[in-house]
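Chains C and G supply the protein sequences, listed in that same order.
When you read off a place in the first sequence, starting at 1, and then add 299, the result is the number in this note's numbering.
When you read off a place in the second sequence, starting at 1, and then add 630, the result is the number in this note's numbering.
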Amino acid sequence: DAGITQSPRHKVTETGTPVTLRCHQTENHRYMYWYRQDPGHGLRLIHYSYGVKDTDKGEVSDGYSVSRSKTEDFLLTLESATSSQTSVYFCAISTGTGSTDTQYFGPGTRLTVL
Amino acid sequence: AQSVTQPDIHITVSEGASLELRCNYSYGATPYLFWYVQSPGQGLQLLLKYFSGDTLVQGIKGFEAEFKRSQSSFNLRKPSVHWSDAAEYFCAVGGGNAGNMLTFGGGTRLMVKP
């Protein structure tokens, strides 16, 4: 258990509304990640952070933004949700500081956009 | 670009039988390889990882995996499957890149017959 929580765990929203998902960690790891999981695609990286206010894009970043104002919190925002963003979203942290780090995952948030 | 292929979307084995899940990767540098397991409605749990050294790595729950550079493979094995092993399994490759980003395969869903 890497001390990762995600909120909310489930959310149903309507097309065009803004949505923010929160990832919270208790162990002050530098790297944090947001992935989405869709059938047949495994997990795909949306954005990641390598420190407070330091973020970068992943493979599927269009339509998403992130913020990290504190080490422990990493927020994912859908500015105007679309049905294609219906998915399960996972947050992860990476232990250590080198390239041999291991990622550990939170429990996930199931988002449905109607 | 890095990629991971898990050729088998579904596999069904009898309880007590042996198991091998296939994973093939494409990566430009020395790969760091991971296997994760996901039970229904849960997050991803790390089974094992390979960074360097002995090409046969042992993981939790009696799983092992063998790195074969010549075949670009990292197959997961278990000598005797238990009903509780029914889950989805994901292979991932990463390491050596900025942000320690992982690329995941599409997953293999394992069903266990009594």
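A virtual CB, placed ideally from N, CA and C, is assigned to each residue, including glycine.
Where DSSP assigns a beta bridge to residue i, which residues make up the other side?
{"i": "D372/C", "result": "H323/C, K369/C"}
{"i": "R343/C", "result": "R335/C"}
{"i": "M741/G", "result": "T642/G"}
{"i": "V667/G", "result": "Q675/G, Y719/G"}
{"i": "E650/G", "result": "R707/G"}
{"i": "S348/C", "result": "M331/C, T354/C"}
Nearest to residue i by alpha carbon, out of the options?
{"i": "M741/G", "options": "H640/G, E650/G, R652/G", "result": "H640/G"}
{"i": "T685/G", "options": "G692/G, L676/G, L677/G, E696/G", "result": "E696/G"}
{"i": "V723/G", "options": "D355/C, T385/C, G350/C, Q402/C", "result": "Q402/C"}
{"i": "S703/G", "options": "L649/G, Y655/G, E645/G, F664/G", "result": "Y655/G"}
{"i": "T745/G", "options": "H340/C, T316/C, H328/C, G315/C", "result": "Shown here, chain G extends from 631 to 744; a query on residue 745/G therefore has no answer."}
{"i": "G673/G", "options": "G407/C, T376/C, H328/C", "result": "G407/C"}
{"i": "H328/C", "options": "I303/C, E358/C, E313/C, S364/C", "result": "I303/C"}
{"i": "T751/G", "options": "D638/G, R652/G, W665/G", "result": "A question about residue 751/G goes unanswered here, because the residues of chain G that appear run from 631 up to 744."}
{"i": "A717/G", "options": "V667/G, N730/G, Y680/G", "result": "V667/G"}
{"i": "Q658/G", "options": "R707/G, G729/G, Q632/G, S682/G", "result": "Reading off the sequence, residue 658/G comes out as Gly, not Gln. When only C-alpha atoms are compared, the closest one is Q632/G."}
Would residue i pass as an interface residue toward chain G - the criterion being a Cβ-Cβ separation below 7 Å?
{"i": "T304/C", "result": "no"}
{"i": "L377/C", "result": "no"}
{"i": "T401/C", "result": "yes"}
{"i": "L410/C", "result": "no"}
{"i": "S393/C", "result": "yes"}
{"i": "P307/C", "result": "no"}
My output table needs one value for residue i: the three-state DSSP class, helix, strand or coil.
{"i": "S700/G", "result": "helix"}
{"i": "D253/C", "result": "Chain C is shown from 300 up to 413; residue 253/C falls before or after that span and cannot be answered."}
{"i": "I690/G", "result": "helix"}
{"i": "S633/G", "result": "strand"}
{"i": "S306/C", "result": "strand"}
{"i": "G724/G", "result": "strand"}
{"i": "Q384/C", "result": "helix"}
{"i": "S714/G", "result": "helix"}
So which residues on chain D does residue i lean against when the C-beta distance must stay under 8 Å?
{"i": "F720/G", "result": "Looking for chain D here will not work: the only protein chains present are C and G."}
Is the Cβ of residue i closer than 7 Å to any Cβ of chain C?
{"i": "F704/G", "result": "no"}
Can you pull out the residues from the region 663-688 of chain G whose beta carbon lies closer than 9 Å to at least one beta carbon of chain C?
Residues F664, Y666, Q668, G671, Q672, G673, L674, Q675, L676, K679, F681, S682.
Looking at chain G, which residues of the region 350-381 of chain C have a Cβ within less than 7 Å of any of its Cβ atoms?
Those residues of the region 350-381 of chain C that come within reach of chain G (Cβ to Cβ, closer than 7 Å) are D355, G357.
Closer than 8 Å, Cβ to any Cβ of chain G: which residues of the region 335-347 of chain C, in chain order?
Residues of the region 335-347 of chain C that bring their beta carbon within less than 8 Å of a beta carbon in chain G comprise G339, H340, G341, L342, R343, L344, Y347, in sequence order.
Check each residue of the region 310-335 of chain C: if its Cβ is closer than 9 Å to any Cβ of chain G, include it; give the result in chain order.
Residues passing the 9 Å Cβ filter: Y330, Y332, Y334.
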